[in-house]
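>
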Amino acid sequence: MSRTKPALVWLSPLLLLLLLLSLGGLHPTAARYLPPGLPVIPNICKQPPPRSVGICTIQIEGFYYDPATLDCQMYSIGACHSTPGQSFGDIQDCVATCVHGRRRNQDLYVNEG
């Protein structure tokens, strides 16, 4: 009886990273085994955008990273009472931080955790 060899499946490093993240994330020590040059998504990008609580006539706009689309989206909320969450002042900072995985010194946040 002949045995068939299992098919080898090659996944690109980025696809493998996305698959691991969708299955609950990486173990803290797993990052050292990733190929160099892959973007690492900071914790701030995993937080939901701010939400407004109650009614307010003042509106603020910002950008947040949406893991469902793997891109940055704009949000608009009432600013009187809002919950904390990820917020970027412009789309370039959001893309550089969350899509490309690059950080700049001014992109440090208190609620990043």
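Mind the numbering: the sequence shown is residues -31 to -1, 1 to 82 in mature numbering (1 follows the signal peptide of the UniProt record, and there is no 0), read in order.
Note that the Cβ used here is the ideal one computed from N, Cα and C, for glycine as well.
A quick note: this is a predicted structure, and the numbers were derived from the prediction, not measured.
Could you compute how far the alpha carbon of residue 94 sits from the alpha carbon of Ser45?
Any property of residue 94 remains undetermined from this structure, which presents the chain solely from -31 to 82.
> By Cβ distance, which residues of its chain are closer than 7 Å to Pro19, with the 5 residues on each side in sequence left out?
Within the same chain, Pro19 has close Cβ partners Ile46, Ser51, Thr52, Pro53, Gly54 and Ser56.
> In the structure shown, what three-state DSSP assignment does Ile27 receive?
If DSSP states are grouped into helix, strand and coil, Ile27 belongs with coil.
> Apply the 10 Å Cβ neighbour rule to Thr66 and answer buried if 16 or more other Cβ atoms are within range, or exposed otherwise.
With 16 or more other Cβ atoms within 10 Å, it is buried.
> Quick check on DSSP: helix, strand or coil for Gln61?
Helix, per DSSP.
> Please go through the same chain and pick out, in chain order, the residues whose beta-carbon is closer than 6 Å to the beta-carbon of Ile60, but skip the five residues on each side of it.
Cβ within range, chain order: Phe32 and Cys41.
> Sort Cys49, Ile10, Ala37 and Lys15 by Cα distance to Thr26 and report the nearest one.
Comparing Cα positions, the closest option is Cys49.
> Between Glu30 and Ile10, what straight-line distance do the alpha-carbon atoms span, to the nearest angstrom?
One C-alpha to the other measures close to 22 Å.
> Distance, Cα to Cα, Asp62 vs Met43?
Spanning the two alpha carbons is a distance of roughly 12 Å.
> Which of the three DSSP states, helix, strand or coil, is assigned to Ser67?
It should be pointed out that residue 67 corresponds to Cys in this sequence rather than to Ser. Cys67 falls in the helix class under three-state DSSP.
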